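S.K.: Residue numbers (the numbering used here): 1 to 102.
(1) Would you say residue 101 and residue 95 are within 8 Å of each other, going by their C-beta atoms?
(2) What number of angstroms, rounded off, separates the C-alpha of residue 63 from the C-alpha of residue 77?
(3) Could you tell me the distance, in whole angstroms, from the CA atom of residue 59 to the CA atom of residue 19?
(4) Quick check: what's the CA-CA separation for residue 57 versus residue 71?
(5) Return the Cβ separation of residue 48 and residue 32 in integer angstroms, given the expectation that the two are a contact with Cβ distance under 8 Å.
(6) Of all the alpha helix (DSSP H) runs that stay within the bounds of the stretch 19-85, which reach a length of 4 or more residues?
Set out below in structure tokens:
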């Protein structure tokens with residue numbers, strides 16, 4: 001009876017733990033695949049190290065380099081902010097000099 005009670009308690013716990021471990025392994029594989037896809041999309045490299053020796057090898061193979069790329073940037077928001085600032089300054093000066101805002 002004691003053995004059947006132990007089996008009744010231990011077996012579902014073991015199976016539940018096993019299922020959770022398999023779920024975590026699947027999540028980890030998906031996360032690694034997503035990271036690999038992001039690296040490919042951004043013209044970067046993806047390294048997968050499963051232990052300390054592989055990680056050390058990855059770090060040793062990395063080089064320190066600075067890459068400069070010219071990219072077009074949207075600056076209309078900066079112009080709009082500058083215009084708003086000039087409008088506020090003009091209103092403040094008008095109040096000071098003439099006592100009113102036109």
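Glycine is no exception: its CB is placed at the ideal position from the N, C-alpha and C atoms.
Please read all numbers here as calculations on a predicted model, not as lab measurements.
M.R.: Taking the structure as given:
(1) yes
(2) 37 Å
(3) 34 Å
(4) 33 Å
(5) 6 Å
(6) 52-61
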